[in-house]
Ligand code: ANZ
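In the working numbering, the protein residues as written are 407 to 1307.
Okay, structure coming up:
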């Protein structure tokens, strides 16, 4: 009987579905294990072979854990709201609902073909109102909460209101936007709108005018992580800063907890570092510099943020961000025009361009002076775009002897440089390195650099010249999209402009036929005046961003049909944290940070039992493609295009050639860098590129056109996408699964290579033959057979506990070869081996399980065989004998012989 996976895979798929083999019950009596994949956005292109890599790994773990007695939650769903479906709708007029529906079905079919053991009965689709109803609910909870810094916890906003009523806000220590101090009497006099405005400064979901990343081409505001190098990540369109009233989430309130939480989770150091850098915690101080004649003019001192208060005596000038609100007030008449021109220039640059380490610093003098807080000397006040308005206080004290950019600035504009550290003992020290002994620094003189920070701050604080301050580089998260395809806000603005929350959820996204954003940047929903205007007032027309739904979906799977609440306490107390989360590292600072924040918030509300949602995270590496191209001579030869075999081109001639990507699949199996087109391949190429039908092909001695091969991203534009459906058609899903695992460590990037898959296929055939090409017996196994089996079982169980999949596959290969050598035909060996391979090759396992005479599915009717060390003991010792340094003989001695021979 031959190994023909196509003949049995679909049969088992139906069996699994009909018998609900992977259905997970909330069976609270059993130990649980939760293994989660990052759910996909169902795009029109479907899956390519890179996508299943993580899914295969998590599926193996899910199946393995089931076989070892756990009640496993292994769900899947669709992250279905978002820009691409909407962009598609704008272009084609096809409603995102339809596109999303069609695409999710395609994804589901592809995922099912791969043999994943998802419990589809728990699937979530984020654009279903039965799901987003609860996303809206969590938004309301955020809106109705503030963050108490003393308790380090979210609290109900009503509690804050009662404090305001009793004593105003002067004693409040909460995470807030800039807010005036007021008394209980003031509060009593405030209008409803004024109260609303005050509360907005505290709410965890709040509205404010902010500078947002505005992308004209997409007609929307983008989150910081959707902007790469000043252009939109999707489509590469220019992005500028624009002031707009936006919904925001006060994620910065949780900055410290998001940092602390990293200590208790098992994420890679790379991801932790990315999150830490994104949060960007800096310990420093706010220092106050009075303006010359500032008091007479009624001007507040300039507040700067510095992480180096110890360098205060080297501060020879101040620099404000061009947008700083003091600039207009302090600029002298003579400097006004220069300053205004410079402000215009700066506004045109993106934040990234401004903070890039440009060699050429720029800036202009405002004409104003401040007083050094200790020496009282005059220090000039400049503006420059290297100081960002949105960070710290938007103003700095410049210390050119210790800071690289200040140094360049001082040199360019001839400003004084005062050394504050004698670094003669450290000749290799770089500018800014905190080493040496203080000089020119009054009370710090003679002290060492390590003591400076605290000494300087204690002194300055005592004199009222500074306040200790921890700054975070990240901002509150924008939570508004001017787009249609997202969750509507449950928010109505009444006559007074105050917010009325709609508690009757869901607020359903109304149908629409024209998806274009409006010219003024409003969401397409603004066109639906019947929907917008309600008896209570006008609805919010922005929708929630893509990360809203994905910030809590892992909780919904625990109890996905609950229509009373997002998830029940029993469910979440049973399933607890996600034990293993597998997904791409591209979500390092977006989704992973937002969902950690939502989970921390839900923890504060007492709705989840753990602060951190994910115990362990693995980021699978990318599967890369081989990018193949052929060399085309730039100049035509005798009027004809000419392609030349790569091995005939001298390196110095390379610039005479252009490279054309090759699309056809007829590339040899030899892999990079020896790929070539033979005559058949060239014919295919000509058919594909009819414009080169009469081109000349200069082939090498083997009649080959050697191509240029390199490893790179698998993408449509590189013509190197491999579709899993095709691979399954040819080799079967089990082969694809095992091959993907065999490629290398899960976390590594690795190229897809057709040669390798043949090897795995041969292995599966040999494995199959063990069960089908001989009659299996009930005879007792030999010690040698037991050793082969238990060596394999040990390796696989230990490797799986360590998520090492490639080495497990290798262990099966070794075992199969050895069992063939000893001609093993014992059920007592082959049956446990079959169970062990079941998580990897689920279809083959079930087919052989039935052939062995078992009923039902292997996946829910047996347990993973445990290994026994007793069978692993070496019973022979191999003794090498060398003569004159050369190995001549190896003697074998039984290890159980008596001492006296
Ligand atoms: C004086 C000084 C001396 C500084 C020195 C640095 C080195 P991080 O670690 O990123 O928080 N800074 C403060 N606000 C800024 C803004 N809005 N735009 C650009 N730069 C700003 O860096 C904090 C340091 O970056 C601060 O400490 C300030 O320069 C600068 F030897 O103050 B420092």
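Ideal Cβ positions, reconstructed from N, Cα and C, are used throughout, including at glycine.
Small disclaimer: the values here were computed from a predicted structure and weren't measured.
Does the beta-carbon distance from residue i to residue j come in below 7 Å?
| i | j | result |
| --- | --- | --- |
| residue 535 | residue 914 | yes |
| residue 619 | residue 645 | yes |
| residue 1192 | residue 1239 | no |
| residue 838 | residue 808 | yes |
| residue 896 | residue 542 | yes |
| residue 574 | residue 516 | no |
| residue 1271 | residue 1199 | yes |
| residue 519 | residue 711 | no |
| residue 687 | residue 709 | no |
| residue 903 | residue 599 | yes |
| residue 1148 | residue 1212 | yes |
| residue 1106 | residue 1054 | yes |
| residue 572 | residue 617 | no |
| residue 722 | residue 793 | no |
| residue 1243 | residue 1256 | no |
| residue 1015 | residue 979 | yes |
| residue 725 | residue 611 | no |
| residue 579 | residue 564 | no |
| residue 495 | residue 921 | yes |
| residue 773 | residue 730 | no |
| residue 789 | residue 746 | no |
How far does the alpha helix (DSSP H) with residue i in it reach, from first residue to last?
| i | result |
| --- | --- |
| residue 545 | 535-549 |
| residue 1025 | Here residue 1025 belongs to no alpha helix (DSSP H); instead the beta strand (DSSP E) covers 1023-1025. |
| residue 712 | From DSSP, residue 712 is part of no alpha helix (DSSP H) but of the beta strand (DSSP E) over 708-712. |
| residue 443 | Run containing residue 443: none in the alpha helix (DSSP H); it sits in the beta strand (DSSP E), 438-443. |
| residue 1017 | Element bounds for residue 1017: n/a, residue is neither H nor E. |
| residue 1091 | 1085-1094 |
| residue 1102 | Here residue 1102 belongs to no alpha helix (DSSP H); instead the beta strand (DSSP E) covers 1102-1104. |
| residue 1213 | 1211-1227 |
| residue 1269 | Segment: none, residue 1269 is in no alpha helix (DSSP H) and carries neither H nor E. |
| residue 822 | Element bounds for residue 822: n/a, residue is neither H nor E. |
| residue 1007 | 997-1010 |
Counting along the chain, where does the beta strand (DSSP E) carrying residue i start and finish?
| i | result |
| --- | --- |
| residue 945 | 943-945 |
| residue 1035 | 1029-1039 |
| residue 560 | 559-562 |
| residue 1066 | 1063-1067 |
Give the secondary structure of residue i by DSSP, where H, G and I count as helix, E and B as strand, and everything else as coil.
| i | result |
| --- | --- |
| residue 1309 | Residue 1309 cannot be examined here, being either before or after the span of the chain that is shown, 407 to 1307. |
| residue 871 | coil |
| residue 1193 | helix |
| residue 414 | coil |
| residue 1236 | helix |
| residue 1146 | helix |
| residue 1117 | strand |
| residue 1043 | strand |
| residue 1181 | coil |
| residue 1264 | helix |
| residue 427 | coil |
| residue 939 | strand |
| residue 1257 | helix |
| residue 420 | helix |
| residue 1231 | coil |
| residue 1203 | helix |
From the DSSP secondary-structure annotation, give me the bridge partner or partners of residue i.
| i | result |
| --- | --- |
| residue 1297 | 1285 |
| residue 554 | 559 and 580 |
| residue 989 | 1025 |
| residue 693 | 710 and 872 |
| residue 1048 | 1102 |
| residue 723 | 804 |
Does any C-beta atom of chain C lie closer than 7 Å to the C-beta of residue i?
| i | result |
| --- | --- |
| residue 1038 | No chain C appears in this structure, which consists of one protein chain only. |
Indicate, with yes or no, if the ligand MN has a heavy atom lying under 6 Å from the CB of residue i.
| i | result |
| --- | --- |
| residue 718 | The ligand MN is not part of the structure shown, which contains the ligand ANZ as its ligands. |
Could you name each continuous alpha helix (DSSP H) segment of 4 residues or more that falls completely within the stretch 461-503, going from the start of the chain to the end? Scanning the stretch 461-503 from its first residue to its last, the whole alpha helix (DSSP H) runs of 4-plus residues come out as 489-498.
Output the residue ranges of the alpha helix (DSSP H) runs that lie fully inside the stretch 586-654 and measure 4 residues or longer, sorted by chain position. Those alpha helix (DSSP H) runs which fall completely within the stretch 586-654 and span 4+ residues are 590-595 and 598-606.
Jot down the residue ranges of each uninterrupted alpha helix (DSSP H) in the stretch 757-787, minimum 4 residues, whole runs only, in chain order. With a minimum length of 4 residues, the continuous alpha helix (DSSP H) runs that stay inside the stretch 757-787 are 757-761.
Enumerate, from N- to C-terminal direction, the unbroken beta strand (DSSP E) stretches of 3 or more residues contained entirely within the stretch 843-919. The stretch 843-919 contains these whole beta strand (DSSP E) runs: 872-878, 897-899 and 905-907.
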